[in-house]
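Trainee: Going by the working numbering, the first residue of the sequence shown is number 270, and it counts up by one from there. Positions of the beta carbon are idealized from the N, C-alpha and C atoms, including for glycine. Here the structure is a predicted model, which means the values were calculated and not measured.
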Amino acid sequence: MSDKHDGKRSKIDALKEEGALNPAPEKLRDPKFHDSEFFDPHDIVQVRYEMLRRVSFDKASVTQVADEYGVSRPTYYQAKAGFDAAGIAGLAPAKPGPRGPHKIDDDVLAFLQARLLPGEPVRARELAKLVHRELDIDLHPRTIERALKKTGK
C-alpha cells in the first residue's frame, strides 16, 4: 500500500515534518508494535509513552524495557523526566536549533541601545552594518529589531 492516499500526506511524512519520526523503528522489539494497526513503531511519542507505561504499570525493569525498545537507560530516564515535567508533550523531541538570539549578548545589546536616538525609528539595517564594522559580528536586521523590541526600546 502506498504512503500517499488521495493526495494527502502520509503519517510518516507528517511525523517527519513534526520531528516525531522514530529514527530507528527496526530496533523496537515489543511485539505489539509489529502485530497491531494501532501501535506505530514510527511514532516516537507513542513508542516513548508505551515504554514508560511498561515500566510504570506492567512493572517491567528499566533495563529490560530499554533493551526491548532499542534505547539506552539514559534515554528512558530522559523520556520519563520529559513526561513528568510536561505530560505527553514532554515526549515529543525538542525542536533543533537555537532557543533565542545567540549572537546578541549583553555587550552587543548595550552597543545597539547606545546608538538609538530617542523618538527616532530603529534603523536595523544601519545598525547591522555598524555591528559588523565595529564588532565583526554578522546580525540580520530582523534579529536586531526583535532584540530591541524585547527590551522595550
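For the putative contact between Met320 and Tyr345, defined by C-beta atoms under 8 angstroms, what is the C-beta separation to the nearest angstrom?
Mentor: Between Tyr345 and Met320 the Cβ distance is about 7 angstroms, and since that is below 8 angstroms, they are a contact.
Trainee: Less than 8 angstroms between the beta carbons of Val324 and Val340, yes or no?
Mentor: Not a contact, by the Cβ cut-off of 8 angstroms.
Trainee: According to DSSP, simplified to helix, strand and coil, what is Ile406?
Mentor: Correct three-state label for Ile406: coil.
Trainee: Name the one or two DSSP bridge partners that Asp304 has.
Mentor: Answer is none; Asp304 lacks a bridge partner.
Trainee: From Glu295 to Leu284, what does the alpha carbon distance come to, in whole angstroms?
Mentor: Approximately 16 angstroms, taken between the alpha carbons.
Trainee: Consult DSSP for Leu290 and reduce its assignment to one of helix, strand or coil.
Mentor: Leu290: strand per DSSP, three-state reduction.
Trainee: Look up Asp312 in the DSSP assignment and say whether it is helix, strand or coil.
Mentor: Residue state, collapsed to three classes: strand.
Trainee: I need the straight-line Cα distance from His303 to Gly356, nearest angstrom please.
Mentor: Distance between the alpha carbons of His303 and Gly356: 25 angstroms.
Trainee: Identify, in the order they occur along the chain, each residue of the same chain with its Cβ nearer than 7 angstroms to the Cβ of Ile406, setting aside the five sequence neighbours on each side.
Mentor: Within the same chain, Ile406 has close Cβ partners Lys372, Val377 and Val400.
Trainee: Could you tell me the boundaries of the alpha helix (DSSP H) in which Lys328 lies?
Mentor: From DSSP, Lys328 is part of no alpha helix (DSSP H); its letter is neither H nor E.
Trainee: If you draw a straight line from the alpha carbon of Arg394 to that of Leu290, how long is it in whole angstroms?
Mentor: Going by the C-alpha atoms only, they are around 39 angstroms apart.
Trainee: Classify Phe352 as buried or exposed, calling it buried when 16 or more other Cβ atoms lie within 10 Å of its own Cβ.
Mentor: Phe352 is buried by the Cβ-count criterion.
Trainee: Taking Ile313 as the reference, which of Val391, Glu286, Pro387 and Glu403 has the closest Cα?
Mentor: That would be Glu286, whose Cα lies nearest to the Cα of Ile313.
Trainee: Relative to the alpha-carbon of Arg411, which residue among Gly421, Val391 and Leu404 has its alpha-carbon at the smallest distance?
Mentor: Nearest option by C-alpha distance: Val391.
Trainee: Look up Lys296 in the DSSP assignment and say whether it is helix, strand or coil.
Mentor: If DSSP states are grouped into helix, strand and coil, Lys296 belongs with the helices.
Trainee: Does the distance between the C-beta of Leu360 and the nearest non-hydrogen atom of the ligand ADP fall short of 7 angstroms?
Mentor: The ligand ADP is absent from the structure shown, which contains no ligands of any kind.
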